[in-house]
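Notes follow the structure.
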Amino acid sequence: MWHLPIKMTDSELIDTLLSLGLADRYDDVRKLPGAGDHSSVCRFSAEVRKKLNHFFNALDSAGRSTLAKAVSVYEDSVGGLGSVTLLRGLIENSQDSDRSLLDWILKNTRSYSYYSGGAKSIEEYEQILAIAKSQREENFRKESVRQNEAKKKRAARATHNLSNAVRRGDINAVIGLLEQGADPSVSTVGDMTLIEFAEAQGQDEISSKLKQRVSGD
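Here the sequence shown stands for residues 272 to 488, where the numbers follow the working numbering.
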């Protein structure tokens with residue numbers, strides 16, 4: 272008959288979590304010292320993280336899975352700890368290739384809800400991930416379209432202003448407009464192209480910049 276201890280050190284609590292998990296007595300985890308008390312469970316999470324990870328990494332795959340389950344139940348005794356859960360690191364280091372550990376945690380506790388989006392199974396979690404990925408891709412596509420449209424508008428405005436800058440002989444303005452995407456091949460001054468006008472005015476530097484832009488150099 273297992274008797275509920277009144278108080279445990281952190282090391283004793285970690286050992287007991289593993290022992291109860293190995294005996295498949297996860298309900299008894301909820302009776303351990305500190306279980307059900309939010310401040311106690313938070314303290315445990317904050318103070319034992321390094322010690323728990325060291326202990327966890329020394330276990331075999333089955334032991335890691337068992338301890339992670341027990342920790343998830345201990346955290347679930349207060350409804351989970353959100354972003355400070357111990358589980359994120361444990362799951363990442365659990366060698367849970369078939370994701371059965373994560374599925375168990377999702378189905379039996381709320382301790383990973385912060386990272387799983389509230390999923391109740393691995394299937395639901397993967398659906399949430401797929402939807403999130405699709406949304407990110409759609410947002411990226413929309414942002415790319417927005418940026419391309421903005422670039423085209425900037426280039427169109429720059430092209431419109433380029434002829435005036437060439438008329439003035441303003442090399443700095445010409446360089447700035449070309450950097451914004453201005454196209455000197457579509458603007459004219461009277462019957463002359465911008466390059467012809469610049470050459471006629473002896474604006475060699477401007478002419479050179481315009482030629483570079485037209486040739487794509």
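Glycine included, C-beta positions come from ideal geometry on N, C-alpha and C. Only a predicted model underlies this, so the values are computations on that prediction, with no experimental measurement involved.
- A contact is defined here as three or more CB-CB pairs under 8 Å, and the segment 308-319 meets this definition with respect to the segment 349-358.
- Within the same chain, Cβ atoms closer than 7 Å to the Cβ of residue 323 are found at 285 and 357, the five residues on either side in sequence being excluded.
- The way I'd put it, the segment 296-315 doesn't touch the segment 327-335; fewer than three beta-carbon pairs between them come closer than 8 Å.
- Here the C-alpha atom of residue 477 lies approximately 37 Å from the C-alpha atom of residue 412.
- Rounded to whole angstroms, the Cβ separation of residue 341 and residue 372 is 12 Å, and the two are not in contact under 8 Å.
- In the displayed model, residue 349 falls within coil according to three-state DSSP, outside both helix and strand.
- In the structure shown, the three-state DSSP call for residue 380 is coil.
- In the DSSP assignment, residue 342 forms no beta bridge with any residue.
- Residue 472 sits away from residue 452, with the two beta carbons spaced by 8 Å or more.
- Taking one beta carbon from each stretch, the segment 394-407 and the segment 429-439 have fewer than 3 pairs nearer than 8 Å; the two do not touch.
- By the criterion of a C-beta distance shorter than 8 Å, residue 300 is surrounded in its chain by 288, 291, 292, 306, 341, 344, 345 and 348, once the five residues flanking it on both sides are discounted.
- Within its own chain, the residues whose Cβ lies closer than 7 Å to the Cβ of residue 469, once the five positions on either side in sequence are excluded, are 437, 477, 478 and 481, listed in chain order.
- Relative to residue 449, the option among 422, 328, 280 and 397 whose CA is nearest is 422.
- For residue 292, the uninterrupted alpha helix (DSSP H) run begins and ends at 281-293, by DSSP.
- Residues 468 of the same chain have their beta carbon placed closer than 8 Å to that of residue 461, with the five preceding and five following residues left out of the count.
- Taking 8 Å as the cut-off, the Cβ atoms of residue 396 and residue 353 do not count as close.
- As the crow flies, the alpha-carbon of residue 350 is around 33 Å from that of residue 410.
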